[in-house]
Ligand SMILES: C[S@@+](CC[C@H](N)C(=O)[O-])C[C@H]1O[C@@H](n2cnc3c(N)ncnc32)[C@H](O)[C@@H]1O
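Numbering (this note's numbering), first residue to last: 9 to 212.
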């Protein structure tokens, strides 16, 4: 597992330079408006888990206090450059979503966009998010999920044969189930884009 995770981390390091260009396509096709939907729900002290290159940074309200973690130095470096360009203060740290480097009850909001597909152990990460949120704090999340259509699920399964070994990218997850199992109360949830994208707000 540790060796496999190291391989995926190195994949993200190498992907950092081309990530924003690749996401321009997907953000237009599948995720238009989703980053805005998530960020406008962030309040207070905010942790973004698996922040990547920081594509959400320009979208947060000015008055939130931001911390971001990611496992990849390459992604974090890109996020640092973006934060500097924006003049936005962000505490960016290398960290693993499986073991968040924060005390219990530290944040008002945790944001996670398009990353539960890539984090190896969703249950463990969601439990960690629950731990670091204050009582009443909210997890706001969007991700691509398993298709409601069997034919598309077959295609997703085929894609996973390549995407999981190379990048740890899962196509058939449904993180809302892990979020409920961790003890959160779902206060908003919606499946969009034919059910392939799911967004949610969950309260501790
Ligand atoms: C598809 S990218 C999403 C990046 C960003 N959240 C976005 O919305 O563009 C997945 C990110 O998850 C990060 N990641 C994967 N496993 C992780 C882990 N165990 N802990 C923290 N970050 C992780 C990768 O380094 C990568 O930046």
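Don't be surprised by glycine CBs; every beta carbon is placed ideally from N, CA and C.
- request: Rounded to whole angstroms, what's the CA-CA distance from residue 112 to residue 140? Just pull it up for me.
  value: Those two C-alpha atoms are separated by around 4 Å.
query: Which residue or residues does DSSP assign as beta-bridge partners of residue 76?
result: 56, 100
- request: Could you please go through the chain and list the residues whose beta-carbon is closer than 5 Å to any non-hydrogen atom of ligand 1?
  value: With the criterion CB distance below 5 Å from any heavy atom of ligand 1, the matching residues run 20, 58, 60, 63, 78, 79, 80, 83, 104, 105, 121, 122, 123, 126, 127 along the chain.
task: Kindly indicate the opening and closing residues of the beta strand (DSSP E) around residue 200.
output: 193 to 200
- request: Measure from the alpha carbon of residue 66 to the alpha carbon of each residue in 95, 40, 52, then state which is nearest.
  value: 95
- prompt: Beta carbon of residue 149, beta carbon of residue 208: below 8 Å?
  reply: Judged by their CB atoms, residue 149 and residue 208 are nearer to each other than the 8 Å cut-off.
- prompt: Is the CB-CB distance between residue 100 and residue 88 below 8 Å?
  reply: yes
query: In the DSSP assignment, what are the bridge partners of residue 210?
result: 147, 194
task: Quickly, what does DSSP pair residue 162 with across the bridge? List them, please.
output: Answer is none; residue 162 lacks a bridge partner.
task: Taking only the alpha-carbon atoms, compute the straight-line gap between residue 79 and residue 160 and give it to the nearest angstrom.
output: 31 Å
task: Say whether the stretch 198 to 212 touches the stretch 30 to 40, bearing in mind that this needs 3 or more beta-carbon pairs closer than 8 Å, one atom from each stretch.
output: yes
message: Is the separation between the beta-carbon of residue 180 and that of residue 165 shorter than 8 Å?
response: yes
- request: Express the C-alpha separation of residue 84 and residue 133 in angstroms, rounding to a whole number.
  value: In a straight line, the C-alpha of residue 133 is about 19 Å away from that of residue 84.
query: Who are residue 115's beta bridge partners in DSSP?
result: In DSSP, residue 115 forms a bridge with 141.
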